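Worksheet for the structure shown next.
In the working numbering, the protein residues as written are 7 to 453.
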């Protein structure tokens with residue numbers, strides 16, 4: 007699971023340089039407009055020349071970054087943190103010249119911290135937040151007066167400046183944590199969906215091998231027919247040689263066997279649901295799911311019972327993968343035994359997977375099925391690698407099974423016993439393939 011997350015997660019998280027440049031241009035435009043309005047329209051006196059020095063510095067940085075890299079370049083975490091740190095310092099210098107924390111634009115300190123929370127790791131976001139508070143604390147003590155009318159003093163009590171500093175601290179903490187949490191969940195979901203697409207693509211690739219086999223069978227049919235025809239002609243002229251006659255009879259027999267095999271291969275890609283590999287019994291499905299797990303030390307018991315005839319199912323790689331993942335998870339965490347129980351009637355088909363491990367904690371039970379579920383070792387069971395336990399695999403399994411029409415329920419074994427139970431239930435009509443449904447589907451596909 008970690009490798010999948012690394013594969014998809016890193017590039018998704020990294021901040022595009024073009025995004026930072028665009029946001030800095032917006033800041034430059036806003037700062038320029040504010041300075042021009044206050045100095046030239048309102049006529050307030052303040053060191054406007056020094057202010058424009060820092061604005062020009064930001065513009066120069068933007069031009070240098072634009073012409074030095076491509077538009078699609080993605081910054082490393084450290085590089086992005088340095089650029090956001092520069093934005094904090096640049097805003098700090100401007101605020102120092104224009105009133106410090108008494109300037110309402112001090113709230114713009116929240117912008118770099120929020121961008122970092124969405125795009126950078128938490129440790130870098132924390133460092134940027136601390137840097138912002140250090141600069142804000144300096145501006146609490148040292149700053150030039152807020153631009154105002156001449157001969158009219160505008161003084162703010164220290165308590166007001168303390169409240170602004172406290173507001174910055176609390177706002178940066180809340181917005182940073184909230185933005186980071188939302189961004190993390192979005193990234194994890196995107197990564198999980200990408201991994202799900204990989205699984206489905208792999209299963210689709212395997213199913214496409216059926217088509218390759220059918221094509222190969224079609225191509226081999228003509229030379230095999232030629233071989234069969236030649237064997238028959240040779241048999242007619244070999245009556246006087248018993249040993250040759252026996253060899254030709256064996257060759258004819260093997261040719262017929264090859265023809266039967268090619269006939270089966272041709273049916274692999276048949277659009278008809280009645281193809282030799284397209285329909286399987288529930289018993290075959292269960293055995294295909296549990297067979298890879300029988301070689302381990304944990305005992306695996308399989309029971310099958312029903313009040314009607316067993317359903318015939320269309321072979322679905324998504325169902326096989328989903329059930330296989332659930333059984334594998336149970337085998338990983340069981341103490342000594344896993345039980346797989348398949349039950350059916352005229353309306354429902356249900357497969358229950360139960361183990362005798364510690365079971366799910368209430369906290370984990372509420373979050374099962376979320377991608378990249380994290381928890382303490384005591385939350386589920388004790389494993390050396392907790393991250394390999396419950397997150398992405400169960401998310402993919404649950405998603406694939408629900409796409410097939412199933413309902414997936416998770417629960418714990420009733421006390422005093424311990425263990426976890428996962429029950430997968432389908433409406434029988436959604437899962438079963440009947441001759442009539444096979445014919446109708448075949449007609450629909452042919453049309």
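Ideal placement from N, C-alpha and C gives every residue a C-beta, glycine not left out.
In this text, all values refer to a predicted model and were calculated from it rather than measured experimentally.
Per-residue burial, residue 127 [other beta carbons within 10 Å of its own, 16 or more giving buried] | Residue 127 comes out exposed.
Cutoff 7 Å; reference residue 415; Cβ partners in own chain excluding five residues on either side | 429
Let me know the secondary structure DSSP gives residue 418 once reduced to three states.
-> strand
Kindly indicate the opening and closing residues of the alpha helix (DSSP H) around residue 334.
-> It spans 323 to 339 - the alpha helix (DSSP H) in which residue 334 sits, taken as one unbroken run.
What residue does the beta strand (DSSP E) around residue 356 start on, and which one ends it?
-> From DSSP, the beta strand (DSSP E) with residue 356 extends over 354 to 361.
For residue 156, which of 184, 56 and 45 has the nearest alpha-carbon?
-> It is 45 whose Cα lies nearest to the Cα of residue 156.
Cβ-based neighbour list, residue 302, same chain, cut-off 8 Å, excluding 5 preceding and 5 following = 337
Between the Cα of residue 413 and the Cα atoms of 404, 420 and 419, which residue gives the shortest distance?
-> Here the closest residue by C-alpha is 404.
DSSP state of residue 156, grouped into three classes?
-> coil
Kindly list the residues whose CB is nearer than 8 Å to the CB of residue 78, restricted to its own chain and excluding five residues on each side of it in sequence; keep chain order.
-> 22 and 24
Considering residue 51, what are the terminal residues of the alpha helix (DSSP H) in which it resides?
-> Per DSSP, residue 51 is not a residue of any alpha helix (DSSP H), being assigned neither H nor E.
Beta-carbon of residue 351 versus every beta-carbon of chain C: anything under 8 Å?
-> Annotation note: the requested chain C is absent from the structure, which comprises a single protein chain.
Of all the beta strand (DSSP E) runs that stay within the bounds of the stretch 49 to 102, which reach a length of 3 or more residues?
-> none
Which partner residues does residue 349 have in the DSSP bridge list?
-> Among the bridge pairs identified by DSSP, residue 349 is matched with 311 and 356.
Which listed residue (38, 71, 43 and 326) has its alpha carbon closest to that of residue 28 = 71
Look up residue 286 in the DSSP assignment and give the residues it is bridged to.
-> 319
Using only alpha-carbon positions, find the residue among 91, 114, 89 and 399 that is nearest to residue 36.
-> 114
Going by DSSP, what residues sit across from residue 305 in a beta bridge?
-> 343
For residue 135, count neighbouring Cβ atoms within 10 angstroms of its own Cβ and tell me buried if that reaches 16, exposed if not.
-> buried
Between the CA atoms of residue 250 and residue 241 - distance to the nearest angstrom | 8 Å
If you draw a straight line from the C-alpha of residue 304 to the C-alpha of residue 119, how long is it?
-> 50 Å
What three-state label does DSSP hand residue 20 in the structure shown?
-> coil
Bridge partners of residue 432, per DSSP?
-> 355
Give the single residue among 299, 419 and 316 whose Cα lies nearest to the Cα of residue 435.
-> 316
Closest to residue 234 by CA distance: which of 257, 192 and 169 is it?
-> 257
Helix, strand or coil: how does DSSP classify residue 47 here?
-> helix
Is there contact between the stretch 359 to 372 and the stretch 325 to 340, where contact requires at least three CB pairs shorter than 8 Å?
-> yes
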